[in-house]
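Reading through the structure tokens given below for one structure.
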Amino acid sequence: MHSPEPKYQKLHEMIKNSDGYIPVTPEYNHTTSAALKNILDYCLEEYFFKPSAIVSYSAGSFGGINAAQHLRQIFAELGASSISSSFQIPKVQEVFDKGGNLLDEEYNKRIKRFLDEFDWYVEAFKNQRAKGTPY
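Residue numbers for the sequence shown follow our numbering, so the first one is 41 and each next one is one higher.
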């Protein structure tokens, strides 16, 4: 594998040293953002056998579900399988104020369950990686 450009070295180290990934994506043209996809493509082996948990958002009522589903396929190809749950934020402009403060407390309950599931997968994958991986 080639070494990443210096401006991406810190990001590369963060990805390599992480036990899992929570990408946050807007939905743009029924998919994830090009900027996120570009960043994901800077690494490959660093993602292997680590779980991902996808958060998506949109201004519309579906919360970026199309972007989340596309991102699920991308992470599967990267070797970072997604947990079964995903976390959508529909009408994001009504969920947070202009300062980024949460307006709907129901999201605190939803995110706790989502993060608890992700943590379970992180620990399970971490334990298995400690035993070795197929490659």
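Beta carbons: idealized from backbone N, C-alpha and C, even for Gly.
Keep in mind the model is a prediction, meaning the values are calculated, not measured.
To the nearest whole angstrom, what separates the beta carbons of residue i and residue j, a pair I think is in contact under 8 Å?
{"i": "Ser-96", "j": "Thr-65", "result": "5 Å"}
{"i": "Gln-128", "j": "Ile-151", "result": "Actually they are not in contact, since the Cβ atoms of Gln-128 and Ile-151 sit about 11 Å apart, beyond 8 Å."}
Can residue i and residue j be called in contact, C-beta distance under 8 Å?
{"i": "Phe-165", "j": "Ile-62", "result": "no"}
{"i": "Ala-99", "j": "Lys-131", "result": "yes"}
{"i": "Phe-154", "j": "Leu-143", "result": "no"}
{"i": "Phe-88", "j": "Thr-173", "result": "yes"}
{"i": "Gly-60", "j": "Tyr-175", "result": "no"}
{"i": "Ile-114", "j": "Pro-91", "result": "no"}
Which class does residue i belong to by DSSP, given the choice of helix, strand or coil?
{"i": "Pro-130", "result": "coil"}
{"i": "Tyr-68", "result": "strand"}
{"i": "Leu-118", "result": "helix"}
Using only the heavy atoms of the ligand PLP, determine whether one of them is closer than 7 Å to the beta carbon of residue i.
{"i": "Glu-163", "result": "You won't find the ligand PLP in this model; it holds no ligand whatsoever."}
Identify which residue in the options has its Cα closest to the Cα of residue i.
{"i": "Leu-111", "options": "Gln-49, Phe-136, Leu-76", "result": "Leu-76"}
{"i": "Glu-53", "options": "Glu-134, Cys-83, Tyr-161", "result": "Cys-83"}
{"i": "Ala-194", "options": "Glu-86, Glu-45, Asp-156, Gln-168", "result": "There is simply no residue 194 to check, as the chain begins at 41 and stops at 175 in what is shown."}
{"i": "Lys-56", "options": "Leu-80, Lys-138, Gln-109, Ala-116", "result": "Leu-80"}
{"i": "Ala-108", "options": "Lys-171, Glu-163, Glu-67, Tyr-175", "result": "Glu-67"}
How is the beta strand (DSSP E) around residue i delimited, first residue to last?
{"i": "Tyr-87", "result": "Careful: Tyr-87 lies outside any beta strand (DSSP E) and carries neither H nor E."}
What first and last residue would you give for the alpha helix (DSSP H) that runs through residue i?
{"i": "Tyr-161", "result": "146-171"}
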